[in-house]
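A.B. asks:
In the working numbering, the protein residues as written are 17 to 243.
#1: What are the boundary residues of the beta strand (DSSP E) that residue 167 is part of?
#2: Using 7 angstroms as the threshold, is the C-beta distance between residue 155 and residue 199 below it?
#3: Confirm, please, whether the CB-CB distance from residue 226 to residue 242 is below 7 angstroms.
#4: Closer than 7 angstroms by C-beta to residue 189: which residues in its own chain qualify, once you throw out the five before and the five after it? Chain order, please.
#5: Does the beta carbon of residue 186 come closer than 7 angstroms to any beta carbon on chain C?
#6: Taking the alpha carbon of residue 100 as the reference point, which residue from 127, 76 and 161 has its own alpha carbon closest?
#7: What's the gap between the Cα of residue 221 and the Cα of residue 65?
#8: Do you know whose CA, among 144, 72, 63 and 51, lies nearest residue 91's CA?
#9: Please report the distance separating the alpha-carbon of residue 141 from that of residue 233.
#10: Can you name, in chain order, every residue of its own chain whose Cβ lies under 7 angstroms from the Cβ of residue 235, other than the five neighbours on each side?
#11: Residue 212: which of 74, 56, 112 and 17 sits nearest, CA to CA?
#12: Using 8 angstroms for Cβ pairs, my map puts residue 51 next to residue 19. What's the rounded Cβ distance?
#13: Look at the alpha carbon of residue 138 and the alpha carbon of residue 186, and state the distance between them as a whole number of angstroms.
#14: Over the uninterrupted alpha helix (DSSP H) stretch that includes residue 61, give me the two end residues.
#15: To which residues of the same chain is residue 165 closer than 6 angstroms at the C-beta, ignoring the five residues directly before and after it?
#16: Taking only three categories from DSSP, how would you classify residue 154?
#17: Give a yes or no on contact between the region 43-57 and the region 98-116, applying the rule of three or more CB pairs nearer than 8 angstroms.
#18: Less than 7 angstroms between the C-beta atoms of residue 129 and residue 80, yes or no?
#19: So, with DSSP's three-state summary, where would you put residue 17?
#20: Would you list the residues sitting across from residue 116 in a DSSP beta bridge?
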């Protein structure tokens, strides 16, 4: 399972374009009056403000080379501030054998760069935007988690470790063929390295299997298979 594209809402389209283009150095693609897109390795994200309500934000993670965590961290620190948790600006995950750091964009999206030490390919080139390998995690905050679980499991998207899924847990949902996850949760769960809590906002996630899923403008979950 790979995430090919995610469509996220923003209430600060102009500031977002400036941040991603001028601060981080992304090439802006498919720009319209209400949207623009950036490429993250195998994946892409579209930010759009059409019919936006409130101040939406999301969490997503980008895979970086397994041997370039420190280099990537310095690269980001030279461009924007890192987020901290209990005074630390990075975290080790023993289950995933991975290291991560976090930062925010003008919309308040919580962005994670993660080096999966046993899974991500290494690189001998200097770290740059071209080193980002793909989107490997995308938040999917839903109004009725246990109902959505059934939809996902019927499409062979299951909890990564077969752990019990509860309405209050953060569940890493995957097809188990890749280290790519939908972070399925209910509202009001605090995100790591942020004071923000998970909230339901419109989102559309496209998978390489042809599955398209997300939350519509009425905050209802949907899932369809295009292939």
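In this text, a Cβ means the ideal position worked out from N, Cα and C, and glycines have one as well.
C.D. replies: Reading it off the structure:
#1: Residue 167: not part of any beta strand (DSSP E); member of the alpha helix (DSSP H) spanning 161-170, first to last residue.
#2: yes
#3: yes
#4: 168, 173, 174, 175, 197, 198 and 200
#5: Within the model displayed, chain C is absent; a lone protein chain is all it includes.
#6: 127
#7: 17 angstroms
#8: 144
#9: Inter-residue distance for residue 141 and residue 233 is about 42 angstroms (C-alpha atoms, whole angstroms).
#10: Only 159 and 216 meet the Cβ criterion.
#11: Residue 212 has its Cα closest to that of 74, out of 74, 56, 112 and 17.
#12: About 18 angstroms separates the two Cβ atoms, so there is no contact after all.
#13: 29 angstroms
#14: Unbroken run through residue 61 is the beta strand (DSSP E), 59-64; no alpha helix (DSSP H).
#15: 181
#16: strand
#17: no
#18: yes
#19: coil
#20: For residue 116, which the question treats as bridged, DSSP gives the partners 107 and 130.
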